[in-house]
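In what follows, a single structure is set out as structure tokens and then discussed.
In the numbering used here, the protein residues as written are 1076 to 1483.
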């Protein structure tokens, strides 16, 4: 049905009074002689209803509230009708009413985002990690701040979620929050995921991310050289807390475990193969990918060193790992003590394992990827790019094969 003329009628049914003695209020839409009506979940006393006006008489609070609601229905209904006519859509009275009242119950952006996060939270340990949910929550809070700042509201409908707001969100994260480009891309991916789910649910018509692209920059991971690692390993520390941080860091340098994974490492994650070699077999908290890591002598000795530590015994873990913030703070002290001019963090150990400990010693890229828990070697290749040692070795081989120095 395609018709620009629409009639709207609000009326009551006097013969079907409710238990409270009031009459139910209905809304009828008629187009080209075809009509459809629906109860609007409101009721009114028969004596104050004006049939001709389709509204209440008087200025009581009850009358004013119902009249205001009826006016809002009229306004929204004509807006829906006008938009459908402009977009040259086919419609019926039933469809118009459905759109009208679906809009009343449609989830808002932050409401939908929050429900998404809560659904994911229920699956922690199955296909989501705590760190992932924390990132989702941070994205939600930052988007909430942008909506309040830019829209002056506590929440918005999906029709208000535009590309312009996405750009405002990007600006807020980079300028107000000062986050890095890599973190920005992670946040934007979360919001884009929520938008995709909203589109599939029929809540969002136009993708606000269309035409918006973010290039993942090539990173240069900080890692320790063999000499720097040896200095840290051989350094004597009198303070127990510094020594513990050093040992946990060295353990990660020889296993490639990320902070969250080493902090949850338990006896059950250590297995022995048929040849008597001990392995770490553990899924990564971040990705749920399995890591299979042979334990060398150094990490084995560190595990034995702390097997009777009170924290390890009370928590059932293998190493007394402090919080990430304290670890990073103490690692900066360790770097100063050892004369290492690098910004060392817990993640530096993982980079060191990938470069200095494995790739620089000829371990195949595919094996390094498996030990790191990467889903593909593409994620591991950026470690190989930074190894000048390998480049130098390759060029020395070239030098030995084409000796032209004597003739030039």
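Don't be surprised by glycine CBs; every beta carbon is placed ideally from N, CA and C. Just so we're clear, the structure is a prediction, and the values are computed from it rather than from any experiment.
Asked	Found
I need the DSSP call for residue 1372, collapsed to helix, strand or coil.	helix
Count the other C-beta atoms from every protein chain shown that fall within 10 angstroms of the C-beta of residue 1425, then say buried if there are 16 or more, exposed otherwise.	buried
What is the rounded straight-line gap between the Cα of residue 1431 and the Cα of residue 1304?	9 Å
Here's a check: name, in chain order, each residue in its chain whose Cβ is nearer than 7 Å to the Cβ of residue 1093, leaving out the five neighbours to either side.	1099, 1118
Whose CA, out of 1307, 1215, 1187, lies closest to the CA of residue 1275?	1187
Less than 8 Å between the C-beta atoms of residue 1410 and residue 1401, yes or no?	no
Answer with buried or exposed for residue 1371, where buried requires no fewer than 16 other C-beta atoms within 10 angstroms of its C-beta.	exposed
Does the beta-carbon of residue 1142 have 16 or more other beta-carbons within 10 angstroms, so that it is buried, or is it exposed?	buried
According to DSSP, simplified to helix, strand and coil, what is residue 1262?	helix
With distances taken Cα to Cα, identify the nearest neighbour of residue 1387 among 1412, 1440, 1457, 1337.	1337
Within a Cβ cutoff of 6 Å, which residues of the same chain sit near residue 1454, ignoring the five residues on either side of it in sequence?	none
Give the C-beta separation of residue 1361 and residue 1392 to the nearest angstrom, bearing in mind that I take them to be a contact with Cβ-Cβ under 8 Å.	About 18 Å; that fails the 8 Å criterion.
May I have the straight-line CA-CA distance separating residue 1149 from residue 1126, to the nearest angstrom?	16 Å
Whose C-alpha, out of 1124, 1239, 1103, 1367, is nearest the C-alpha of residue 1114?	1103
Considering only residues of the same chain and omitting the five flanking positions on each side of residue 1354, which have a CB-CB separation below 8 Å?	1345, 1346, 1347, 1348, 1367, 1368, 1369, 1370
Our contact map puts residue 1329 next to residue 1421 with C-beta atoms below 8 Å; I'd like the distance itself, whole angstroms only.	About 14 Å separates the two Cβ atoms, so there is no contact after all.
Say whether the region 1207-1217 touches the region 1253-1272, bearing in mind that this needs 3 or more beta-carbon pairs closer than 8 Å, one atom from each stretch.	yes
Got a sec, what are the start and stop residues for the alpha helix (DSSP H) residue 1209 sits in?	1205-1226
Considering Cα atoms alone, identify which of 1408, 1169, 1208, 1221 is closest to residue 1245.	1221
Give me the DSSP bridge partner(s) of residue 1365.	1358
Given a cut-off of 8 Å, decide if residue 1296 and residue 1457 are closer than it, judged by their beta-carbon atoms.	yes
Leaving out the 5 sequence neighbours to the left and right, which residues in its chain are closer than 8 Å to residue 1380 when beta-carbon positions are compared?	1322
If you count every other CB in all the chains shown that lies within 10 Å of the CB of residue 1307, and 16 or more means buried, which is it?	buried
Measuring straight from C-alpha to C-alpha, what distance separates residue 1449 and residue 1226?	41 Å
Express the C-alpha separation of residue 1228 and residue 1332 in angstroms, rounding to a whole number.	43 Å
Can you check whether the CB of residue 1444 is closer than 8 Å to the CB of residue 1433?	no
Return the CA-CA distance between residue 1153 and residue 1159, expressed in angstroms with no decimal places.	10 Å
Using the C-alpha atoms, what's the distance from residue 1218 back to residue 1288?	19 Å
Quick check on this structure: which residue in 1196, 1156, 1440 has the alpha carbon closest to the alpha carbon of residue 1106?	1156
Whole beta strand (DSSP E) runs in the region 1096-1172 with 3 or more residues, listed along the chain?	1098-1106, 1109-1119
Excluding five sequence neighbours on each side, which residues of the same chain lie with their C-beta closer than 8 Å to the C-beta of residue 1301?	1431, 1435
Just to confirm, are residue 1384 and residue 1374 a CB contact at a threshold of 8 Å?	no
When the Cα atoms are used, what is the spatial distance from residue 1325 to residue 1209?	27 Å
Taking the DSSP output, what are the residues bridged to residue 1347?	1353
On the DSSP letters alone, give me the boundaries of the alpha helix (DSSP H) that residue 1185 sits inside.	1184-1196
How big is the Cα-Cα spacing for residue 1364 and residue 1358?	5 Å
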